[in-house]
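Chains as they are written, first to last, in my numbering: chain A, 1415 to 1545; chain B, 306 to 843.
Note that CB positions come from ideal geometry on N, CA and C, so glycine has one too.
Source: prediction; values computed, not measured.
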């Protein structure tokens, strides 16, 4: 899992606390409703870059999926929907701070609660991936 | 709030934000460093330097009444506002303002597709609507309409057209501002104005007759700072029955001159979509001897370039042609294009490409069945929004300088040579202007060429070099009559400076208007190089 600098975690502490209160209790299975909501948010805001389908004009992968596949060289899947290590805190960090070519996303686009739902969806999605 | 608006202390700013919370709701005013992070320009070459323009706060209204209220509050406190739509103007400043300490008016919550009329082929949208949203709205309703979208589909039709963005279908729709029709604007005093037929109560033609009566001020709101656009209409392309493609290659460098002339006629007569030019010789740029030839100062000779092409068994140039319409019409237009081009350039080769009925299937959209190497990006060509283009974004993004030049082969050769020479010393950058660099026929009546140097956030020295190269490019281009079409806030003054006919008569005219309409500089002071008197003195 990518390491989030402690300093940055500290600066996002308030948001994380807010986010945590919006999520199902740790250890409980994510509610189906939350997963469905997360799937819809992922489809609207993430899938065009991080989805599992092929990229445009003969590219094997969409850009975000291709970039992560290249970064992890097989140690982790390139597609977010196959990742089991993306909790809400990690997603929140990357959504709000961006990474390389990926810009930051504002709360008016993707709320903290949306990010919690995406995490629930990704967990469910990754769990359903056949090995 | 570590950044304050100009001329305002923290106490007064807190009062202003309290009023904005009253207007837009407490959850929709953002002032913490953490919340304002995503309002920085993630492609900025001046990240974390004194030149970076940061917001002091952001406010996200839900409707035009709230926009109006926010503008009035800002007016009372003298706070400059900077409106954004979806905030995706990457390469041109992203969501960052012209004036450090501006309050961003984030219009993303205003995301309604208000109307789509299939029979009369138009849409009316709010600023927070993305191309993805508009496309989805049309598809969900099963309407036979095609949108024209820029490469990344997350942009806003309103924001993109106000930046004079472009697309890839037929000429009338590729110019996104040109395809707009009617807008609603909140003026700097908070008044709500509608342009064209929108000014006539009861008119049903707001999205069909853009002029109304008297002067049409719509152009002032594109790359301008005279108001906040809250609704805008767009003409849409009735979805054609059929799509047909072809590739034309020409063997020699100077054949390009005639090729462009013929494609101009096809394009201006609306017989084809965007002609997409490329030089197959670009594939040789990895070869050091060819790269040295293609980037030779003063320009390589035609004979030397033709010899290199001949040795590599490559044509000097190619153009992808696209035809839209009824199947028989696309067939006839292709036959006409082939005959016209072969008459002008007998040594040209014309290859028929894929053709299929619209809408495209998933497989056709994937664009993997052309019998030749095509430069067309299929999603954009068919008005299907995508983020597939993001694969070209390297490092931490890039800048964009796309000088406008005449649609002629000779002018392309001149820009290759002049700009190539001017940027020769920036050898850490890829070569953007060389003998294989092709023009873009995005705008229906002009060419542009590309300078899009990368940005490396962790390498300030590299970014400083890129910044110097950008300024050099703007200056040298202008010395030869080529101007930029769109720029990030940190470059807008430099670009504005080049549009200087008659001692900057155009800029002085804009300033006179700005002083009359927005004397306190509430709406995006500095945008488009237009500064109100309050800020001109600084």
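(message) Please list the terminal residues of the continuous alpha helix (DSSP H) segment that includes residue 329 of chain B.
(response) 315-329
(request) Indicate whether at least one CB of chain B lies closer than 9 Å to the CB of residue 1431 of chain A. (result) Residue placement at residue 1431 of chain A cannot be trusted, given a pLDDT of 40 that sits under 50; what the coordinates show is reported in the next sentence. Taking Cβ atoms only, chain B never reaches closer than 9 Å to residue 1431 of chain A, which makes this a no.
(message) Strictly under 9 Å for the Cβ-Cβ distance: is residue 1435 of chain A near chain B by that measure?
(response) In this predicted model, residue 1435 of chain A has a pLDDT of only 42, less than 50, meaning its place in the structure is not dependable enough to derive any value.
(request) Determine, using beta-carbon pairs with one atom in the segment 339-349 of chain B and one in the segment 395-403 of chain B, whether at least three such pairs fall under 8 Å. (result) yes
(request) Decide if residue 465 of chain B is buried, meaning its Cβ has at least 16 other Cβ atoms within 10 Å, or exposed. (result) buried
(request) With a threshold of 16 other CB atoms inside 10 Å of the CB of residue 738 of chain B, please say whether the residue is buried or exposed. (result) buried
(request) Compare the C-beta of residue 1539 of chain A against all C-beta atoms of chain B and say whether one is closer than 9 Å. (result) no
(request) Closer than 8 Å by beta-carbon distance: list the chain A residues that pair up with residue 678 of chain B, in chain order. (result) Here the premise fails: no neighbours, minimum Cβ distance about 10 Å.
(request) Anything in chain B within Cβ reach of residue 1510 of chain A, meaning under 7 Å, just list it in chain order. (result) 342, 343
(message) So, at 8 Å on beta carbons, what are the nonlocal neighbours of residue 510 of chain B in its own chain, with the 5 sequence-adjacent residues on each side left out?
(response) 502
(request) Please work out which residues of its chain come closer than 7 Å, Cβ to Cβ, to residue 317 of chain B, disregarding the five sequence neighbours upstream and downstream, and give them in chain order. (result) 382
(message) Less than 9 Å between CB atoms is the rule here; does residue 1496 of chain A satisfy it with respect to chain B?
(response) no
(message) Would residue 535 of chain B and residue 497 of chain B qualify as a contact pair, given that the criterion is a beta-carbon distance under 9 Å?
(response) yes
(message) Any beta carbon of chain B sitting closer than 9 Å to that of residue 1523 of chain A?
(response) yes
(message) Please tell me whether residue 1451 of chain A has its Cβ less than 9 Å away from any Cβ of chain B.
(response) no
(message) Could you check whether the segment 399-415 of chain B touches the segment 351-361 of chain B, counting it as contact only if at least three pairs of C-beta atoms, one from each stretch, sit closer than 8 Å?
(response) yes
(message) What does DSSP give as the partner residue(s) for residue 335 of chain B in the beta ladder?
(response) B/363
(request) Give, in chain order, every residue of the segment 787-813 of chain B whose Cβ lies closer than 8 Å to some Cβ of chain A. (result) none
(message) Does the segment 789-809 of chain B come into contact with the segment 818-828 of chain B, if we say contact requires no fewer than three beta-carbon pairs (one atom in each stretch) closer than 8 Å?
(response) no
(message) Is residue 1476 of chain A close to chain B? Criterion is C-beta to C-beta, closer than 9 Å.
(response) yes
(message) Can you look up residue 521 of chain B in the DSSP assignment and give me helix, strand or coil?
(response) coil
(message) Buried or exposed, going by whether 16 or more other CB atoms sit within 10 Å of the CB of residue 518 of chain B?
(response) exposed
(request) Could you work out which residues of chain B lie near residue 1531 of chain A, taking near to mean beta carbons separated by less than 8 Å? (result) By Cβ distance, chain B contributes nothing, its closest Cβ being about 18 Å from residue 1531 of chain A, past 8 Å.
(request) Flag residue 1514 of chain A as yes if its beta-carbon sits less than 9 Å from any beta-carbon of chain B, otherwise no. (result) yes
(message) What does the Cβ neighbour count give for residue 592 of chain B, buried or exposed, with the cut at 16 atoms within 10 Å?
(response) exposed
(request) Give the interface partners of residue 1542 of chain A over in chain B, defined as CB-CB distance under 9 Å, in chain order. (result) Going along chain B, no residue has its Cβ under 9 Å from residue 1542 of chain A, so there is no contact; the nearest lies around 23 Å.
(request) Please list, in chain order, all residues of the same chain as residue 832 of chain B whose beta carbon is under 6 Å from its beta carbon, the five residues on each side excluded. (result) 403, 530
(request) Out of B/712, B/799, B/573, B/720, point me to the one whose CA is closest to residue 600 of chain B's CA. (result) B/720
(request) Taking only beta carbons into account, state which residues of the segment 694-711 of chain B come closer than 8 Å to chain A, listed in chain order. (result) 694, 695, 696, 698, 699, 700, 701, 702
(request) Measure the alpha-carbon distance for residue 427 of chain B versus residue 470 of chain B and round it to whole angstroms. (result) 18 Å
(message) Among the candidates B/777, B/687, B/644, whose CA atom is the shortest distance from the CA of residue 731 of chain B?
(response) B/777
(message) With the cut-off set at 9 Å, would you say residue 852 of chain B and residue 563 of chain B are in Cβ contact?
(response) Missing from the structure shown is residue 852 of chain B; chain B here goes from 306 to 843 and no further.
(message) Just to make sure I have the definition right: I need the residues of chain A whose C-beta is within less than 9 Å of the C-beta of residue 365 of chain B. Which are they?
(response) 1520, 1521, 1522
(request) Answer yes if the segment 743-761 of chain B comes into contact with the segment 703-723 of chain B, meaning at least three C-beta pairs across the two stretches below 8 Å, and no otherwise. (result) yes
(message) What would DSSP say about residue 1435 of chain A, mapped onto helix, strand or coil?
(response) Bear in mind that a pLDDT of 42 at residue 1435 of chain A, under 50, signals an unreliable position, so the number given afterwards is only what the model happens to contain. It is helical.
(request) Take residue 609 of chain B and list the residues in its own chain whose beta-carbon comes closer than 7 Å to its own, dropping the five residues that flank it on each side. (result) 598
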